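Q: In UniProt numbering, the protein residues as written are 1 to 276.
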């Protein structure tokens with residue numbers, strides 16, 4: 001009897017050895033719990049890709065406008081129309097005299113937001129694609145830093161958008177200040193202003209830059225919300241990870257030998273075992 005008992009392992013070990021590999025796989029509800037995180041990661045990557053397009057829509061028109069205006073910033077420029085007399089073509093018509101060009105920082109702020117959005121969005125969209133392929137996600141610390149950076153860029157982009165809109169409106173008020181022959185700001189780019197800069201496309205360039213910068217602001221708002229949701233999911237995963245591992249052991253019957261099933265439950269309770 002002793003030799004037979006030594007040759008045959010106990011019944012509970014036989015039952016454990018006979019458990020198929022499929023039954024040791026992760027429970028189905030755990031896979032469903034990871035699905036929202038993957039959807040958040042996919043949405044985050046798509047928003048970053050759109051931010052690259054919005055940044056380009058801001059940077060390219062601003063660069064063209066800076067080239068046409070010889071590095072001068074037309075935002076918040078001050079000037080007035082004055083009549084010109086004398087012989088020669090165009091001298092009898094009023095001329096626009098710019099008293100002071102706008103501060104370069106007004107244009108540089110919008111350009112900085114656009115360039116940073118393009119670079120950061122390209123890097124983050126690549127990281128999101130890499131994480132989707134590898135099944136990884138950011139740590140809570142990295143998610144918190146991303147949220148902080150997104151919120152900071154949201155405030156900066158909103159400030160630069162308001163600055164660009166107000167500065168452009170100030171320039172349009174200066175250009176359309178002629179009382180003799182009033183015209184709109186859109187028509188002013190086709191009207192000779194007799195300046196030493198190219199003004200044939202300023203309205204189109206600033207309109208596209210303004211639309212792109214406001215679009216970037218909206219995207220940074222969406223990115224801030226997505227960053228907060230990912231931080232929430234990452235925090236819950238870190239907190240509930242030991243609990244899920246404990247429940248998995250109990251479901252598979254792997255913890256029966258170490259301690260009974262009626263042991264003290266995990267301190268971090270969660271409904272239905274879902275992350276979100």
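Ideal Cβ placement from N, Cα and C applies to all residues, glycine included.
Computed from a predicted model, the values in this text were never measured in an experiment.
Would residue 109 pass as a contact of residue 160 if the rule is Cβ separation under 8 Å?
A: Yes, these two residues count as a Cβ contact at 8 Å.
Q: Using 8 Å as the Cβ pair cut-off and three pairs as the minimum, do the region 68 to 86 and the region 210 to 217 touch?
A: Judged by Cβ distances under 8 Å, the region 68 to 86 makes no contact with the region 210 to 217, as fewer than three pairs qualify.
Q: Would you mind reading off the limits of the beta strand (DSSP E) that contains residue 76?
A: Per DSSP, residue 76 belongs to the beta strand (DSSP E) from 73 to 82.
Q: Label residue 196 either buried or exposed according to how many other C-beta atoms from any shown protein chain fall within 10 Å of its C-beta, with 16 as the threshold for buried.
A: Exposed.
Q: Where DSSP assigns a beta bridge to residue 98, which residues make up the other side?
A: Beta-bridge pairing links residue 98 to 79.
Q: Identify, in the order they occur along the chain, each residue of the same chain with its Cβ nearer than 7 Å to the Cβ of residue 54, setting aside the five sequence neighbours on each side.
A: If we look at residue 54 and ignore the five residues flanking it on each side, its Cβ neighbours are 117, 212, 215, 216 and 219.
Q: Determine the contact status of residue 114 and residue 158, defining contact as a CB-CB distance below 8 Å.
A: No. Outside cutoff.
Q: Okay, do the region 97 to 104 and the region 121 to 138 touch, 3+ Cβ pairs below 8 Å being the bar?
A: Contact fails: fewer than three Cβ-Cβ distances are below 8 Å.
Q: Tell me the start and end of each unbroken alpha helix (DSSP H) in the region 144 to 189 that is at least 4 residues and wholly inside, in chain order.
A: 185 to 188, all fully within the region 144 to 189.
Q: Can you round the beta-carbon distance between residue 210 and residue 164 to whole angstroms, since I take them to be within the 8 Å contact cut?
A: About 6 Å; that satisfies the 8 Å criterion.
Q: For residue 147, which option in 226, 130 and 207 has the closest C-alpha, if you only look at C-alpha atoms?
A: Among 226, 130 and 207, the Cα nearest to that of residue 147 is on 226.
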